[in-house]
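Novice:
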Amino acid sequence: MAFDFYAEPALLDDVHARYWALKETAPPVFWTPENGGHWVVTTAEGVIEVCRHPEKFSSRYLSIPKNDFQPHMIPESLDPPEHRAYRQLLRPYFEKAAIAPLEPRITEWTQTLIEGVRDNGGCEFVASIGSHLPISVFMELFGFPLEEFDEFRDLVLAFFDAQASAEARMGLALQIHGKINALIDARRTAPREDLMSRLLATDFEGRALTDDELRSIGFLMFVAGLDTVVNAMSFGMRHLAGDATLRQRMIDDPACIPDAVEELLRRYAFVSIPRYVAQETELLGASLKAGDMILAPLAMVGWDAAMNACPAEVDVDRKPCKHAAFGSGIHTCLGLHLARLELTVFYRQWFARIGHFRLAENAPPPRTRGGSVYALDALHLIWDHSK
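With numbering that gives the first Met the number 0, the residue at position 53 of the sequence shown is 52, and numbering never jumps.
#1: What residue from Gln-87, Pro-310, Val-49 has the CA that sits closest to Leu-263's CA?
#2: Could you give the distance in angstroms between the alpha-carbon of Gly-129 and the alpha-carbon of Glu-279?
#3: Mapping DSSP to helix, strand and coil, what is Glu-7?
#4: Name the two residues that bound the continuous alpha helix (DSSP H) containing Met-232.
#5: Measure the C-alpha to C-alpha separation of Asp-252 and Gln-69 and round it to an integer number of angstroms.
#6: Is it the case that the Cβ atoms of Val-46 and Met-299 are separated by a distance below 7 Å?
#7: According to the neighbour-count rule (16 or more other Cβ atoms, all chains shown, within 10 Å of its Cβ), is Ser-135 buried or exposed?
#8: Please determine, among Tyr-373, Leu-375, Val-372, Gly-354, the residue with the shortest C-alpha to C-alpha distance to Ile-381.
#9: Which runs of the alpha helix (DSSP H) spanning at least 4 residues fall entirely within the stretch 16 to 71, listed in chain order?
#10: Between the stretch 175 to 190 and the stretch 210 to 220, do three or more beta carbon pairs fall short of 8 Å?
#11: Rounded to the nearest angstrom, what separates Glu-94 and Thr-109 at their Cα positions?
#12: Taking the alpha helix (DSSP H) that Ile-73 belongs to, which residues open and close that run?
#13: Got a sec, what are the start and stop residues for the alpha helix (DSSP H) Thr-111 sits in?
#14: Would you call the stretch 105 to 120 in contact with the stretch 202 to 213, where contact means no fewer than 3 C-beta pairs closer than 8 Å?
#15: Once you ignore the five residues that flank Leu-194 on each side, which residues in its own chain have a CB closer than 8 Å to its CB?
#16: Rounded to whole angstroms, what's the CA-CA distance from Pro-103 to Thr-24? Just pull it up for me.
#17: Sort Pro-296, Ala-6, Leu-333, Tyr-346 by Cα distance to His-387 and report the nearest one.
#18: What is the C-beta distance between Phe-29 and Val-14, in whole angstroms, given that I count them as a contact (C-beta under 8 Å)?
#19: List the endpoints of the continuous alpha helix (DSSP H) containing Glu-81.
#20: What separation, rounded to the nearest whole angstrom, lies between the Cα atoms of Ala-126 and Tyr-267?
#21: Taking the alpha-carbon positions, what's the Arg-17 to Tyr-85 distance?
#22: Is it buried or exposed, Thr-209, if we count other Cβ atoms within 10 angstroms and call 16 or more buried?
#23: Quick one: what does DSSP say Met-138 is sitting in, helix, strand or coil?
#24: In whole angstroms, what is the alpha-carbon distance linking Ala-165 and His-384?
#25: Identify, in the order they occur along the chain, each residue of the same chain with its Cβ nearer than 7 Å to the Cβ of Arg-187, setting aside the five sequence neighbours on each side.
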């Protein structure tokens, strides 16, 4: 069946609704001729199988159609056994204990951003807050100069544009590499207390990391840090704009906010991962050939009734809340603790300072973006008064 995960019109109207329709109507694994031809998985069982078996479903290619000139991203582009050493190198920097000291700074940024729009009675959320908070956190964590914020955000938006050609994306990747090279040079000359400085000083299997390795790690952190939490936050706020009951609960009982974060991540997971079929294999009745590409939408895990009862509903009391918004298996997102912290801090501060809000009546409806990472182009919100 035909399904263009970049440009199908229904994805622009509501990307999650279109994938939900696939879940309801498509086979567990189906072939689409679009974008060079590839498989698509529509069940939790299938997505988990793809994520957890890198010997069959490789990260060698991370785009559809597969691109021999794609940017290399350590450790995401690696399969076992090479993957493990790099993952172990980076993991300590993203554990809960390492992330916790960032909470006061994240809270400060969040308060400043919300105070900047509170008295206006409304804002375009993605541009005013959604993009600013996680990007600022990432840039300071890694060591990029915050004065280059607008340029960084524009680069990432263009890189993830579902309509961008492979050639255009490669040109943008070179620009991102240029930013990373400049940071490597700056921190080699004058180290600071940031992640790039620590990576430059680390001992990796008895040697220093090469510039190519640093550039590859930096590229992954760049694109992952600047276009993920933005989308989790934006899709969550779009839902909350129409859910007065949940808004009231988050106002009255801030202790429920971490559970709300998980449930919104489950319901509005926003990543579809491409994988390269490394060997001939069977998947839920489909015969896959070595060299094929396959797309695994992570939302399908949390949407599967075998995993969660009444999966279409947003239920903060869902226990357990099973999802794979951060992936599954060896490539589970390194930054998941940071993402959860940012989202939790944001919602606490928003509901403490603004409270109820809704979609702006006269604004165009939110438009979504397909591709490997789903996004909202804009989200116009209004509120009657501040708390």
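Just so it is clear, CB atoms sit at the ideal spot from N, CA and C, and this is done for glycine as well.
Specialist: Once the coordinates are examined:
#1: It is Pro-310 whose Cα lies nearest to the Cα of Leu-263.
#2: So the two alpha carbons sit approximately 42 Å from each other.
#3: DSSP, read as helix, strand or coil, puts Glu-7 in coil.
#4: Counting along the chain, the alpha helix (DSSP H) containing Met-232 begins and ends at 228 to 240.
#5: When the Cα atoms are used, Asp-252 and Gln-69 turn out to be separated by approximately 46 Å.
#6: Yes, these two residues count as a Cβ contact at 7 Å.
#7: Flag for Ser-135 reads buried.
#8: Ranking the options by Cα distance to Ile-381, first place goes to Gly-354.
#9: 43 to 51, all fully within the stretch 16 to 71.
#10: In the pairwise beta carbon analysis, the stretch 175 to 190 is classified as touching the stretch 210 to 220: at least three pairs are separated by under 8 Å.
#11: Going by the C-alpha atoms only, they are around 22 Å apart.
#12: Judged by DSSP secondary structure, Ile-73 falls outside any alpha helix (DSSP H); it is assigned neither H nor E.
#13: It spans 102 to 117 - the alpha helix (DSSP H) in which Thr-111 sits, taken as one unbroken run.
#14: Verdict: no, contact absent.
#15: Only residues of its own chain outside the window of five on either side were considered, and among them Tyr-92, Leu-140, Phe-141, Gly-142, Met-220 have a CB closer than 8 Å to the CB of Leu-194, listed in chain order.
#16: Each residue's alpha carbon lies about 46 Å from the other.
#17: The structure shown does not extend to residue 387, since the chain is modelled only from 0 through 386, so no value can be given for it.
#18: The pair is not a contact, with the Cβ atoms about 18 Å apart (cut-off 8 Å).
#19: Counting along the chain, Glu-81 sits inside the alpha helix (DSSP H) bounded by residues 81 to 89.
#20: Rounded to the nearest angstrom, the two C-alpha atoms are 20 Å apart.
#21: Roughly 36 Å separates the two Cα atoms.
#22: Of the residues assessed, Thr-209 falls on the exposed side of the cut-off, its CB having fewer than 16 other CB atoms within 10 angstroms.
#23: For Met-138, the secondary structure class from DSSP, reduced to helix, strand or coil, is helix.
#24: If you take the alpha carbons of Ala-165 and His-384, they lie about 46 Å apart.
#25: Result list for Arg-187: Leu-199, in chain order.
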